[in-house]
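So the protein sequences, as listed, match chains A and B. Here the first sequence stands for residues 0 to 357, numbered as in numbering that gives the first Met the number 0. Here the second sequence stands for residues 0 to 285, numbered as in numbering that gives the first Met the number 0. Built from N, CA and C at the ideal position, the CB exists for glycine as well.
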Amino acid sequence: MTPGGPSGAPGVVVVTGVSRYLGAHVAARLAADPRVGRVIGVDPPAAGGEFTDLLSGVERVRVDAGSIGGLLADLDVDAVVHLALVSAPDPQHGGRAAMKEQNIIGTMQLLAAAQHAPRLRKLVVRSSTAAYGASFRDPAVFTEETEPREVPRGGFGRDILDIEGYVRGFRRRRPDVTATVLRFAPFIGSTADTTLTRYFAQPLVPTVFGRDPRLQFLHFEDALEVLHRSVVRDHPGTYNVAGSGVLALSQAIRRAGRVGVPVLEPGLSGAAALARTLGFGRYGLDQVDLFVHGRVVDTSRLQREYGFTPRSTAAAFDDFIRAHRNGIVVTRERLAAAEQLVLDGVRQVRSAAAGERS
Amino acid sequence: MISEQPGDHWDRKVASGLAFLRGRLAGDYEIDEFGFDPQLTTSVFHPLVRLLYRDWFRTEVTGLEHVPDVGAGLVVANHSGTVALDALILSAIIHDQHPQRRFLRLLGADLVFRMPVVSAVARKGGGTVACNPDAERLLDSGELVGVFPEGFKGTGKLYAERYKLQRFGRGGFVSAALRTGTPIVPVAVVGGEETYPMLADVKPLARLLKLPYFPVTPTFPWLGPLGAVPLPSKWLIEFCPPIATEHLTDSADDPLVVFNLADQVRETIQQTLHRLLEQRPDPFGP
């Protein structure tokens, strides 16, 4: 059976990282698409059994990264969607060492296997806007061509640079495969649960003193849409994926009704390092760098080639706020009430003063 | 009974001030992709700078009609005065006095964006890092961009060197203008050099603090924080006729064209400076 047909949709799709939130949703959505033949979710053997309801239409295979080669060849795979990336070290699951193992070694082995899969036509890799690094000499807006000026300090940023390097190597060796690299801005939305959503869900939010970074978010649903389109259509190349527009961190904190607590930068870097060694908290130097430098990308290539515009950063963030109403310290109603109180107070004092004088 | 009119006026002022504060605290404002916050700039930064340029420096402006009403423009000025007050004043004046109330988007040295607080304020005020991608992005979207090609060589020169234009670097601003076909408006600013006259530069201290220079002025560091008060010099600002670049779009990578154009801009500013200085015999005059 040769699947696909004129739409370019692949017959057999392998999705890695289906035991995680993003992977599970992408696999489920592909399985629900009649244009796609089979969806196979691949996970390391140790992965938990989450998302079983969601993944009813997905065949799940537990295999360690080293033996994925046989799997890709046996299954006559047409497309590989690589989503099994860890963005922050999880102390319960091996910390930074396990994160690096998964991100770098996992990607290397998957790409090595994919290189020898004869029927493979498509590779979609999840990357991140962290690929642009963080430097004070950075341009304000990154296009896909911008080269990082400094290697990021954070582990995830370094991993992303390495992963993109491996994909470049793969493209050279398999020019017949349509390779798509998607540089995602941080995910946000009513359901997404990431380091950043947990950060904004706290009532008191630590920020870096004297810095107000520009942030962009991507709504989780839009990330799914872009990944889905990457699989069922052909979009070779590297794309920034982010909601248009920008929120300053201070502005985002105010919109979310939280209170920012400025911390001196060396202190915050130290605290991030300390938290990591002590094994609690998932904030790392990746977050500190983001909160010093901010990160804004140009998404015109995505809009042009995909014909799709993700909802704006502000709209994605609003959706997140609506879902996380508890923990709000400063509500709009309270602000309006305070304003009214001051106005009334001023009027009373003035009229009293006027009364005395007359 | 006292009259109601002034009371209403103050009531309105208090009410609008509170509404502004509520909007700010709720995050109800927009910033652009460079971090420019027009609301904060017009309602907080510009009024402060206005006090400085109008009441303290008694600034006189000529030739503002040479700044284009619409579309991109590259405003190139001399840089002086240890602290770069001239950049802030230029942007406030263009917004206050230009008929189209245009914002000037300043390009700053990366040191500005390295420093906490200063970097945040610079972005909110419409500034960004002086690099070609940012300059061309702003010009492509039809913004008015302000550059000081002398950089720290201009602000960090000794008082004895005042109003002598320094080298214009690699002429990156010219190639940005050429690539986007943007007219260049040379501007001469007189008065900045006397605000913090730099008598000496303590180089070891500058190296220690990782600053381009460490100034010694008649008031700094002797008077402590009082040394931060600029001397009340008389300012004259003249905008010169724009230099068109549309016909040179293909020569953006030709070093000869770039250097010649940079020289032309430099000469224009230098000559205008000399002329303005003759009009202002007393640096601290009325």
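{"Check": "What's the C-alpha gap between residue 40(A) and residue 125(A)?", "Outcome": "15 Å"}
{"Check": "When you compare the CB positions of residue 218(A) and residue 313(A), do they come within less than 8 Å of one another, or not?", "Outcome": "no"}
{"Check": "When the Cα of residue 257(B) is compared with those of 122(B), 169(B) and 115(B), which residue comes out closest?", "Outcome": "169(B)"}
{"Check": "For residue 284(B), which residues of its own chain have a beta-carbon under 7 Å away from its beta-carbon, when the five flanking residues on both sides are left out?", "Outcome": "233"}
{"Check": "Give a yes or no on whether 8 Å exceeds the smallest Cβ distance from residue 106(B) to chain A.", "Outcome": "no"}
{"Check": "Using the C-alpha atoms, what's the distance from residue 32(B) back to residue 139(A)?", "Outcome": "7 Å"}
{"Check": "Quick one, which residues of the region 203-218 of chain A are near chain B if we go by CB-CB under 7 Å, in chain order?", "Outcome": "208, 209, 210, 211 and 213"}
{"Check": "Just checking, does the region 128-135 of chain B make contact with the region 60-71 of chain B on the three C-beta pairs under 8 Å criterion?", "Outcome": "no"}
{"Check": "For the region 44-64 of chain B, which residues have a beta carbon sitting closer than 8 Å to at least one beta carbon of chain A?", "Outcome": "none"}
{"Check": "Could you check whether the region 281-290 of chain A touches the region 97-110 of chain B, counting it as contact only if at least three pairs of C-beta atoms, one from each stretch, sit closer than 8 Å?", "Outcome": "no"}
{"Check": "What residue does the beta strand (DSSP E) around residue 121(A) start on, and which one ends it?", "Outcome": "121-127"}
{"Check": "Compare the C-beta of residue 302(A) against all C-beta atoms of chain B and say whether one is closer than 8 Å.", "Outcome": "no"}
{"Check": "For residue 160(A) versus residue 240(A), is the C-beta distance shorter than 8 Å?", "Outcome": "no"}
{"Check": "Work out the CA separation of residue 49(A) and residue 90(A) for me, nearest whole Å.", "Outcome": "19 Å"}
{"Check": "Nearest chain B C-beta to residue 338(A) closer than 8 Å, yes or no?", "Outcome": "yes"}
{"Check": "Step through the CB atoms of chain B and report whether any lies within less than 8 Å of the CB of residue 329(A).", "Outcome": "yes"}
{"Check": "Just verifying my parser: in three-state terms, what is the DSSP assignment at residue 135(B)?", "Outcome": "helix"}
{"Check": "When you check each C-beta in the region 129-156 of chain A against every C-beta of chain B, which residues fall closer than 8 Å?", "Outcome": "135, 136, 137, 138, 139, 140, 142 and 145"}
{"Check": "I'd like to know if the region 74-91 of chain B and the region 142-153 of chain B are in contact, where contact means that at least 3 CB-CB pairs between them fall below 8 Å.", "Outcome": "yes"}
{"Check": "If we count Cβ pairs, one from each stretch, closer than 8 Å, do we get three or more for the region 11-22 of chain B versus the region 333-345 of chain A?", "Outcome": "yes"}
{"Check": "As a quick exercise: from 196(B), 45(B), 56(B) and 176(B), pick the residue whose alpha carbon is nearest that of residue 137(B).", "Outcome": "176(B)"}
{"Check": "Go to residue 172(B), then tell me how far its beta strand (DSSP E) extends in each direction, as first and last residue.", "Outcome": "Counting along the chain, residue 172(B) falls outside any beta strand (DSSP E), though it belongs to the alpha helix (DSSP H) covering 171-179."}
{"Check": "Under the DSSP definition of a beta bridge, which residues are partnered with residue 183(A)?", "Outcome": "127(A) and 240(A)"}
{"Check": "Buried or exposed for residue 211(A), going by 16 or more other Cβ atoms inside 10 Å?", "Outcome": "buried"}
{"Check": "If I follow the unbroken beta strand (DSSP E) through residue 28(A), where does it start and stop?", "Outcome": "From DSSP, residue 28(A) is part of no beta strand (DSSP E) but of the alpha helix (DSSP H) over 20-30."}
{"Check": "Using only alpha-carbon positions, find the residue among 242(B), 86(B) and 225(B) that is nearest to residue 267(B).", "Outcome": "242(B)"}
{"Check": "Residue 230(B) CB to nearest chain A CB: under 8 Å?", "Outcome": "no"}
{"Check": "By the three-class DSSP mapping on this structure, what secondary structure does residue 143(A) have?", "Outcome": "coil"}
{"Check": "Tell me the residue span of the beta strand (DSSP E) that contains residue 78(A).", "Outcome": "78-81"}
{"Check": "Which same chain residues, not among the five before or five after residue 295(A), have their C-beta less than 6 Å away from its C-beta?", "Outcome": "140, 213, 215 and 245"}
{"Check": "Can you pull the chain A neighbours of residue 140(B), defined as C-beta to C-beta under 7 Å?", "Outcome": "Residues of chain A passing the Cβ test: none, with the nearest at roughly 11 Å."}
{"Check": "So residue 196(B) and residue 216(B) are in contact, right, with Cβ under 8 Å, and what is the actual spacing, rounded?", "Outcome": "6 Å"}
{"Check": "How would you label residue 325(A), buried or exposed, when you count the other beta carbons within 10 angstroms and need 16 or more for buried?", "Outcome": "exposed"}
{"Check": "Can you tell me which residues form a DSSP beta bridge with residue 42(A)?", "Outcome": "61(A)"}
{"Check": "Could you tell me which chain A residues have their CB closer than 8 Å to the CB of residue 179(B), listed as they occur along the chain?", "Outcome": "Those within 8 Å of residue 179(B) in chain A number zero; the least Cβ separation is about 15 Å."}
{"Check": "Distance check for residue 164(B) and residue 147(B), CA to CA, integer angstroms please.", "Outcome": "11 Å"}
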